[in-house]
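Each step along the sequence shown adds one to the number in our numbering, with nothing skipped, and position 342 is 353. Think of the CB as a built atom: it goes at the ideal place given N, C-alpha and C, for glycine as much as any other residue. One structure is given here, and the rest of the page talks about it.
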Amino acid sequence: MAADAVTVMVALSRALEAAGLPTGPDRSVEAVRALAELDPTSRDDVYWAGRLTLCHAPDHFPRYDRVFAAVFSGDLVRTRPRTRPPLRAVPVSSGEDGPDALPEEGATGDEDVRVLRASASRVELLRHRDVATLSVEERRVLREALSALSLPGQTRQSRRFQPAARGTVDARRTARDLLRDGGEVAVLARHRHPTRPRPVVILVDVSGSMSPYGEALLRFAHAAGRRRGARTEVFTIGTRLTRVTKEMASPDVEAALTAVSAAVPDWSGGTRLGELLRDFLDQWGQRGTARGAVVVLLSDGWERGDASLLGEQMARLSRLARRVVWANPRKAVPGYAPLAAGMAAALPYIDDFVEGHSLGALERLAQVVAGQVRAGA
């Protein structure tokens, strides 16, 4: 049982980390210990052991539910417990999101173990598979995993102050309090610079050479748009520049992709990266969209236009943006070198050059954008 508990909880902890919910080794150990005391083949036991040990605050619960559903995806019924269930699992009815229900009565313990292990390992098996090679069923699993992805974004320190329990003394507010209280000093008012997530701008290449990866990259962009308290702008680039931030605002990813499909007129066409990047900077970037932002380009770098123009515009972008991240699905090909004229012209102005061909690559891209790891160019 202990070995089963370790396998299950390690898979769940890794998925939560990739989704931006830091678990850490201490919490993972506690999760394993908790599940070892329960039944690692019970979905309810796995759900509650993880939720009680791996979540830090109530606002983590919705993300935990999405990750749990993605990790334990399969032909299983999903439910959301309305109250905390007993430690031993009981059958519940389907119809809402949440932890997966138990198999029907009569299922053997061996079948339980086999189904749970297959479910938990399915995402792991697909994590490093090239998106372009996946079957229809594997793409369904990929969609569920991407729906649980989180992109918190890199933080920055605000120039403004806000009241705080700890920090430097706020002389002005302290003086006002003294005047109000007749000159008696009670408590020194303090303030500090809060941290805020940096804006993120995502440019998705929808040209013909990127068509095998287009859907997965747009789902990644949709996950990025779910960030709270931060601005995320999404554009598509091909033969023209299209702003799809409004279409991506729908919380339903399928509705969002349908809206994007209707709004983008240049699917699977050519690529004019230099001209379109110039259009973006002239219309949006120079006016503030790219200033201090983390700009993410999702493209293979094939340029039908003038490569020197792309280099010039990348230089402009690097002066405006806090960081420029480029994810190229072709980078994962053994022996790849950025020899294409467009990619070679852009490379000197890229802060982080990463792969973008698989679920694992997109999870790492999310960590790079958040500033948790650096890939370099």
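Asked: What separation, rounded to the nearest whole angstrom, lies between the Cα atoms of Thr179 and Arg191?; Found: 21 Å
Asked: When you compare each of Gly316, Gln324 and Gly280 to Asp293 by their alpha carbons, which one comes out closest?; Found: Gln324
Asked: Beta carbon of Gly353, beta carbon of Leu287: below 9 Å?; Found: no
Asked: Does the contact criterion of 3 or more C-beta pairs under 8 Å hold for the segment 327 to 343 versus the segment 233 to 247?; Found: no
Asked: Considering only C-alpha positions, which residue in the set Thr34, Pro349 and Thr52 is nearest to Ala68?; Found: Thr34
Asked: Helix, strand or coil, according to DSSP, for His368 in the structure here?; Found: coil
Asked: Could you tell me whether the Cβ atoms of Val380 and Val147 are closer together than 9 Å?; Found: no
Asked: Under a Cβ-count criterion, where at least 16 other Cβ atoms within 10 Å of its own Cβ denotes burial, should Val152 be classed as buried or exposed?; Found: buried
Asked: If Glu149 sits next to Ala80, beta carbons under 8 Å apart, how far is it from one beta carbon to the other, in whole angstroms?; Found: 17 Å between Cβ atoms; not a contact.
Asked: One question on the structure: do Leu46 and Asp56 come within less than 9 Å of each other, judged by their Cβ atoms?; Found: yes
Asked: Between the alpha carbons of Arg298 and Arg375, how many angstroms are there, rounded?; Found: 30 Å
Asked: Taking C-alpha atoms, which residue in Val336, Ala343, Gly371 and Ala372 lies nearest to Asp362?; Found: Val336
Asked: Is the segment 217 to 232 close to the segment 240 to 253, with three or more CB pairs under 8 Å?; Found: yes
Asked: Could you pull out every residue in the same chain whose Cβ sits closer than 6 Å to the Cβ of Arg254, ignoring the five residues on either side in sequence?; Found: Phe246
Asked: Return the bridge partner residues of His202 from the DSSP annotation.; Found: Pro174
Asked: Per the contact definition of three or more C-beta pairs closer than 8 Å, is the segment 338 to 349 in contact with the segment 365 to 372?; Found: yes
Asked: Identify which residue in Leu65, Arg242, Arg77 and Gln378 has its Cα closest to the Cα of Arg302.; Found: Arg242
Asked: The alpha helix (DSSP H) with Phe246 in it runs from where to where?; Found: Looking at the DSSP string, Phe246 is not in any alpha helix (DSSP H); the run it does join, the beta strand (DSSP E), is Thr243 to Ile248.
Asked: Less than 9 Å separating the beta-carbons of Arg315 and Gly281?; Found: yes
Asked: Since Leu160 and Ala377 should fall inside the 8 Å C-beta cutoff, what is the C-beta to C-beta distance between them, to a whole number of angstroms?; Found: 6 Å
Asked: In chain order, what residues of the same chain have a beta carbon less than 8 Å from the beta carbon of Ser158, not counting five sequence neighbours either side?; Found: Arg77, Ala81, Arg230, Ala234 and Val264
Asked: Kindly indicate which three-state DSSP category Val384 falls into: helix, strand or coil?; Found: coil
Asked: Which residues in the same chain have their Cβ closer than 6 Å to the Cβ of Leu23, if we skip the five residues on either side of it in sequence?; Found: Gly61 and Val82
Asked: Suppose you measure from the CA of Ala304 to the CA of Leu162; what does that come to, to the nearest Å?; Found: 14 Å
Asked: Which class does Asp76 belong to by DSSP, given the choice of helix, strand or coil?; Found: helix
Asked: Suppose you measure from the CA of Ser53 to the CA of Ala16; what does that come to, to the nearest Å?; Found: 11 Å
Asked: What is the DSSP secondary structure of Pro51, reduced to helix, strand or coil?; Found: coil
Asked: Leu252 CB to nearest chain D CB: under 9 Å?; Found: The chain labelled as chain D is not found in the depicted structure, where only one protein chain is given.
Asked: Along the beta strand (DSSP E) that carries Thr253, what are the first and last residues, could you check?; Found: Leu252 to Arg254
Asked: How close, in whole Å, do the beta carbons of Leu65 and Arg38 come, if the pair is a contact with beta carbons under 8 Å?; Found: 5 Å
Asked: My understanding is that Ala270 touches Ser261, with C-beta atoms under 8 Å, so please give their C-beta distance in whole angstroms.; Found: 7 Å
Asked: Taking all protein chains shown into account, do 16 or more other C-beta atoms lie within 10 angstroms of the C-beta of Leu350, making it buried, or fewer, making it exposed?; Found: exposed
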